[in-house]
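Below: the structure, in structure tokens.
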Amino acid sequence: MRVLFVTGNQNKVTEASGILSPLGFAIEQLLIGGQVPDLIEPQAEGIEEIAKSKLEQAVSLTMGTEFENEVLLVEDSGLFIDSLSGFPGPYSSFVKETIGLSGVLSLMSEETDRGAEFRAVAAVSFRGSILTSTGICRGVISENISGDFGFGYDPIFIPEEANGRTCAQLSSHEKSAISHRGFALKGVSELLNPPSK
Ligand code: ITT
68 MRVLFVTGNQ NKVTEASGIL SPLGFAIEQL LIGGQVPDLI EPQAEGIEEI AKSKLEQAVS
128 LTMGTEFENE VLLVEDSGLF IDSLSGFPGP YSSFVKETIG LSGVLSLMSE ETDRGAEFRA
188 VAAVSFRGSI LTSTGICRGV ISENISGDFG FGYDPIFIPE EANGRTCAQL SSHEKSAISH
248 RGFALKGVSE LLNPPSK
């Protein structure tokens, strides 16, 4: 089954493909007229509302186009830090672009509680319905920026199952086996293609 991923982040497309291709889905980035569709990200909302809103916008944009009957996927993610009451959460993109990873580490410099989680909500449009699935990856914020793989906050996030390595020190296969995106997208795959009983 072909799934069109509505995102401007090529790293997310690569990870989604690695997760969903072995389950029988062909993932392609949705481009309309060769461009990533420009979607408005609602402010002051949780990531589930953001994912659903962006998916509804994408469904509207594809109506009357060659993509009208395709399965569309939107996935919104964020890093939620316990001691910062879930910050940056829905503001993760903005915070990454402004204060960056070193700024987040500075906010945490005196903090002993370093617990945090990545969350992802995947939303797909399928035969006129919207289906959603959430994935969570628990871990801690590292003391230093480490690792060359992955993207975004990967160099400062150590998942519980990673033996002290940051996500940026894991192979893509290792990361996806335990990641928020891995869990959310596997959930979506089951909604689209329920295992036979
Ligand atoms: P789209 O909204 O176009 O899909 P985006 O990069 O803006 O792409 P998100 O809003 O979902 O994606 O991501 C919010 C922030 O969290 C952004 O700075 C990402 O780099 C970061 N992020 C998301 N998933 C991540 C992951 O698996 N590892 C590290 N950082 C991640």
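In short: position in the sequence shown from 1, add 67, done, that's our numbering. Ideal Cβ positions, reconstructed from N, Cα and C, are used throughout, including at glycine. All values derive from a computational prediction rather than experimental measurement.
Residue environment, Glu-82, which counts as buried when at least 16 other CB atoms sit within 10 Å: buried
Exposure of Ala-93, with buried meaning 16 or more beta-carbon neighbours within 10 Å: By the neighbour-count rule (16 or more Cβ atoms within 10 Å), Ala-93 is not buried but exposed.
Burial state of Thr-233, where buried means 16 or more other Cβ atoms lie within 10 Å: buried
Environment of the ligand ITT in chain order, Cβ to heavy atom below 5 Å: Thr-74, Gly-75, Asn-76, Asp-143, Ser-144, Ser-159, Ser-160, Lys-163, Gly-219, Tyr-220 and Asp-221
First and last residue of the uninterrupted beta strand (DSSP E) at Gln-110: Unbroken run through Gln-110: none, as it is neither H nor E.
Opposing strand residues paired with Gln-102 [DSSP bridges]: Ile-99
As assigned by DSSP and simplified to three states, the class of Ile-208: Secondary structure at Ile-208: strand, using DSSP grouped into helix, strand and coil.
Between the CA atoms of Glu-177 and Ile-99 - distance to the nearest angstrom: 47 Å
Proximity of Ser-213 and Ile-86 at Cβ, strictly below 7 Å: Taking 7 Å as the Cβ cut-off, Ser-213 and Ile-86 do not qualify as a contacting pair.
Residue(s) in a DSSP beta bridge with Phe-72: In the DSSP assignment, the residues bridged to Phe-72 are Gln-96 and Leu-140.
Beta-carbon separation (whole angstroms), Val-255 vs Ser-200, contact threshold 8 Å: 5 Å
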